[in-house]
Ligand code: CO8
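In the numbering used here, the protein residues as written are 29 to 288.
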């Protein structure tokens, strides 16, 4: 097994817990995404696994989203390979037959928010310091249509329009209010609440739930699959522009300054 995440499957309960452990911020690097895809394939094929809980072993952070270093100063070939891995992560999670619950025990911007949104249910730690949202425009970049679709499917069109244009990172009460997360619980109860929630979902026959999930999500998935190549091309031509590279550099500098 790899090093970016730890997976524990309890065959007696049918629940797998995947803990991201890629400090400092669980950013979604190519290595991380590759390991994630391999784990998802294994779990999906394992008949003893019915549910998946995603959570973080890094204090205060669920995931900082895409690894900016994979998009900065890299060749078009590398950017294309990276983007394909991001698509794969979403396809595997959004289209999973398992019940996927995000136990969001820390900040979850951009790609981190997308991961949580791709699950069936989100439980977040009640902490005024944590933010969640698709904040791409704040970096001078644009969330692709399937990020947008995933959010629209969760919180509706108008809320998504505001959120994406302004690059809003929601505090935990605001995230609950708009339905970006389903439940807030104390920090130390996030994973146990996810376990309890899972038993409720397990009371529904798998085949009925899976067909229903597919009915809800298939149009969104099909749209992405049929535009996959053009989405990669768009990403590569956008991200390799000088002006966008400059935005990314300024954003990374602002992260460093904020710390100093
Ligand atoms: N990628 C790479 N490195 C990162 C990232 C990241 N996403 N986020 C943080 N880091 C680095 C920091 O630069 C810092 O490095 P160093 O120690 O060398 O200065 C280190 O991780 C620790 O970060 P912080 O000191 O900021 O840690 P804090 O605990 O104070 O804060 C946060 C943690 C809240 C996660 C904060 O780091 C943060 O807000 N990070 C930025 C998150 C973000 O905006 N991510 C967006 C990535 S883009 C994306 O996911 C979707 C792109 C959509 C496609 C675009 C199409 C064109």
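Where is the CB? At the ideal position from N, CA and C, for every residue including glycine.
With respect to residue 161, residue 191 sits close: the two C-beta atoms are nearer than 8 Å. In this model, residue 135 and residue 154 are separated by some 11 Å (Cα to Cα). The stretch 118 to 133 and the stretch 73 to 88 touch, with three or more beta-carbon pairs separated by less than 8 Å. By the CB criterion at 8 Å, residue 86 and residue 51 fall inside the cutoff. When the five nearest sequence neighbours on each side are left out, the beta carbons in the same chain lying within less than 7 Å of the beta carbon of residue 112 are those of 260, in order along the chain. Annotation: residue 53 to residue 248 spans about 29 Å, alpha carbon to alpha carbon.
Rounded to the nearest whole angstrom, the C-alpha separation of residue 244 and residue 208 is 17 Å.
Exposed is the label assigned to residue 287, since fewer than 16 other Cβ atoms lie within 10 Å of its Cβ. Counting every other CB atom within 10 Å of its CB across the protein chains shown gives residue 239 a total below 16, marking it as exposed.
Judged by the Cβ position, residue 234 fails to qualify as a neighbour of the ligand CO8 at the 7 Å threshold, every heavy atom of the ligand being at least this far. Each residue's CA atom was taken as its position, placing residue 220 and residue 44 some 13 Å apart. Annotation: residue 152 to residue 141 spans about 11 Å, alpha carbon to alpha carbon. Judged by beta-carbon spacing, residue 30 lies beyond the 8 Å limit of residue 72, meaning their Cβ atoms are not closer than that value. Counting other Cβ atoms within 10 Å of its Cβ, residue 222 reaches 16 or more and is therefore classed as buried.
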